[in-house]
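Structure first, commentary second.
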Amino acid sequence: IIQLKDAGCNVIVDDVTYITEPFFQDGVIARTVDAVNNAGVAYFTSAGNFGQKSYTSTYRGAPAPGNIASSAHDFSGTGDIYQRLRLKAGTYSIVLQWQDDIYSLAQTRGTVNDLDIYLIDQGGERIGFNRNNFGGDPFEILSFSIKHPDPTQYIEADLLITKANTNTSNPLIKYIIFRGDAIIDEYYSNQSLLDKSTIVGHANASGAISV
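Each number in this note's numbering corresponds to the 1-based position in the sequence shown with 16 added.
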């Protein structure tokens, strides 16, 4: 971006979404977009095709199943730690982030929370690739594939979000379904448009025009 500006471009256009850009603050790319915009560059970017496939809440702790973590997020506010999804056959990428310090942005401590995200099928099989986030960046990526002989048929599964630690406050959390044909079937209708928004990262920078 800087090289294009320095080469004399006064209009820059991209069609890129980086799924690890921060949801809750400006990252390196968003800050750079603002910088070149302040220097007179018109910056256009893609809003993406993710619609409202997102969920946002303050983390609410409830007992986690099978002692896999210190707590699990209560989606309902009354103890339900599972959120029902309907999924068609295909490949999925779901990114969970939470509001915390970010090590890769040189914020001193990094995240003080370790959250994990799982998908549980109707047979009880649980999948999730979950890192130890302490002192690092506050995000997890859940990638998986669904196979079904009928591509028009939805199958049901549940999302589970857990937190490994108990000694910190409960952060704001948000996940976005960046890839895959999914319907969020529970605890979604009462979400505001801002909660459902999938405009994040540099597409949400004040100096960007998102299309």
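Where a beta carbon is used, it is the ideal one built from N, C-alpha and C, also for glycine.
S226 carries a strand assignment under DSSP once its states are collapsed to helix, strand and coil.
Counting the other Cβ atoms within 10 Å of the Cβ of F145 gives fewer than 16, which makes it exposed.
Selection L158, G140, T127, I143 evaluated against L188 yields T127 as nearest (Cα-Cα).
A direct Cα-to-Cα measurement between P79 and I118 gives close to 27 Å.
Excluding sequence positions up to five before and after F40, its CB lies within less than 6 Å of the CB of Q115, all in the same chain and listed in chain order.
By the CB criterion at 8 Å, Y108 and H89 fall outside the cutoff. By a beta-carbon distance limit of 8 Å, G106 does not contact D31. Their separation comes to about 21 Å.
Leaving aside the five residues that flank V29 on each side, the residues in its chain whose CB is nearer than 7 Å to its CB run, in chain order, F60. Out of C25, V57, S62, Y203, the CA that lies nearest to the CA of N220 is found in S62.
Under the three-pair Cβ rule at 8 Å, the segment 48-58 does not count as touching the segment 174-192. For A105, the secondary structure class from DSSP, reduced to helix, strand or coil, is coil. At the C-beta level, K190 and Y71 come within 8 Å of one another. Contact annotation, Y170 with L103: C-beta distance approximately 6 Å; criterion of less than 8 Å satisfied. For the set S226, S222, E156, the Cα lying nearest the Cα of N54 is the one of S222. Between T182 and S87, the C-beta spacing is below 8 Å. Note that the C-beta distance between T178 and I84 is below 8 Å.
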